[in-house]
Amino acid sequence: MKKRVFVIIGVVLIIFLTIIFSNGFKSYRVDDENIDKNEITINYMKVEFNYDVFDVKEGINNSNYIFTGKVMDYLGSYYNSNKDRYVYSKYLIKVNNVLKGELKEKVTISKDGGYNKNNLYLFKEGDIVDNMLEVNKEYLFLAYNSEGKIRLIPLNGSIPLDNVDTIKSYEEEIEKIK
Numbered sequence: 000m001k002k003r004v005f006v007i008i009g010v011v012l013i014i015f016l017t018i019i020f021s022n023g024f025k026s027y028r029v030d031d032e033n034i035d036k037n038e039i040t041i042n043y044m045k046v047e048f049n050y051d052v053f054d055v056k057e058g059i060n061n062s063n064y065i066f067t068g069k070v071m072d073y074l075g076s077y078y079n080s081n082k083d084r085y086v087y088s089k090y091l092i093k094v095n096n097v098l099k100g101e102l103k104e105k106v107t108i109s110k111d112g113g114y115n116k117n118n119l120y121l122f123k124e125g126d127i128v129d130n131m132l133e134v135n136k137e138y139l140f141l142a143y144n145s146e147g148k149i150r151l152i153p154l155n156g157s158i159p160l161d162n163v164d165t166i167k168s169y170e171e172e173i174e175k176i177k
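Quick note on numbering that gives the first Met the number 0: the sequence shown kicks off at 0 and runs consecutively.
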C-alpha cells in the first residue's frame with residue numbers, strides 16, 4: 000500500500016513540475032488594448048549585429064525568407080522575462096510574392112519591439128527607427144527561421160513597398176543568386 004502511495008505522489012509531482020517549467024518558457028501578451036496611444040512612452044533600444052543589416056547582399060544571405068506581403072492583422076505584443084530578450088509583436092501577413100524560401104499564403108511573423116503596457120519599445124540605429132508594422136500596408140520582408148517561427152530581421156526586415164529603389168536592389172541581387 001505504501002509503495003502505491005509513493006508512486007502516485009511521484010507521478011503527481013512530475014506532472015506538477017512539468018506544468019510549472021513549461022509555463023516558465025511561455026511568452027505572455029503584454030500590450031493593453033485599452034491604452035490611450037497619446038499616453039505611450041517610447042523607449043529606443045540599441046542592438047548589435049554580426050553583419051551589416053543595411054547591406055543588401057548580407058541581408059539576403061542572412062534571411063531564410065524574402066517576400067512581399069500585406070499586413071492583415073496585429074496579433075499583439077508578447078514577452079517572458081525567463082526567455083525573451085525583448086518584447087516582440089506578432090502579425091498576420093498575406094504573402095503576395097516569395098523571392099526566397101517557401102511560405103504558405105498566410106503566415107504569422109514575429110518582429111522585435113512592441114507595446115508593454117503603456118511603453119512602446121523600438122530598435123533604433125542612428126536616424127533609423129524600426130517602427131511597428133501598419134495594418135493594410137504592404138512591405139518587402141526579410142526574415143529568418145527561429146525555433147520554427149518566422150522572425151523579421153531587426154531594422155531592415157520590413158521595407159514599405161513604396162520604397163521602389165530599395166525593392167529593386169533586392170530583386171536584382173536575388174536574381175544574381177538564382
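We treat Cβ as the ideally placed atom computed from N, Cα and C, and that holds for glycine.
Item: Outcome for Asp-126 when other beta-carbon atoms lying within 10 angstroms are tallied against a minimum of 16; Value: exposed
Item: Gly-113: first and last residue of the uninterrupted beta strand (DSSP E) it sits in; Value: 113-115
Item: Span of the beta strand (DSSP E) around Glu-104; Value: Note, Glu-104: premise wrong, no beta strand (DSSP E); not H, not E.
Item: Residues bridged to Pro-159 (per DSSP); Value: Tyr-138
Item: Rounded straight-line distance, which links the Cα of Lys-89 to that of Val-144; Value: It should be noted that the sequence gives Asn, not Val, for residue 144. Going by the C-alpha atoms only, they are around 14 angstroms apart.
Item: First through last residue of the alpha helix (DSSP H) which encompasses Ile-152; Value: Run containing Ile-152: none; DSSP gives neither H nor E here.
Item: Given Lys-93 as reference, the closest of Val-55, Val-52, Val-70 once Cα atoms are compared; Value: Val-70
Item: Asn-81 versus Lys-148 - alpha carbon distance; Value: 18 angstroms
Item: DSSP bridge partner residues for Ser-88 (one or two, in chain order); Value: Ser-76, Lys-110
Item: Which residues DSSP lists as bridging Tyr-27, in chain order; Value: Tyr-78
Item: Cα-Cα separation between Tyr-73 and Glu-172, rounded to whole angstroms; Value: 30 angstroms
Item: Contacting residues, own chain, Cβ-Cβ under 7 angstroms from Leu-102 (five flanking each side not counted); Value: Tyr-64, Phe-66, Val-94
Item: C-beta atoms of Gly-112 and Leu-98 nearer than 8 angstroms; Value: no
Item: Assigned secondary structure, Asn-61 (DSSP; H/G/I helix, E/B strand, else coil); Value: coil
Item: Identified DSSP bridge partners for Val-94; Value: Gly-68
Item: Cβ neighbour criterion (16 or more within 10 Å) applied to Asn-42; Value: exposed
Item: Leu-119: first and last residue of the uninterrupted beta strand (DSSP E) it sits in; Value: 118-124
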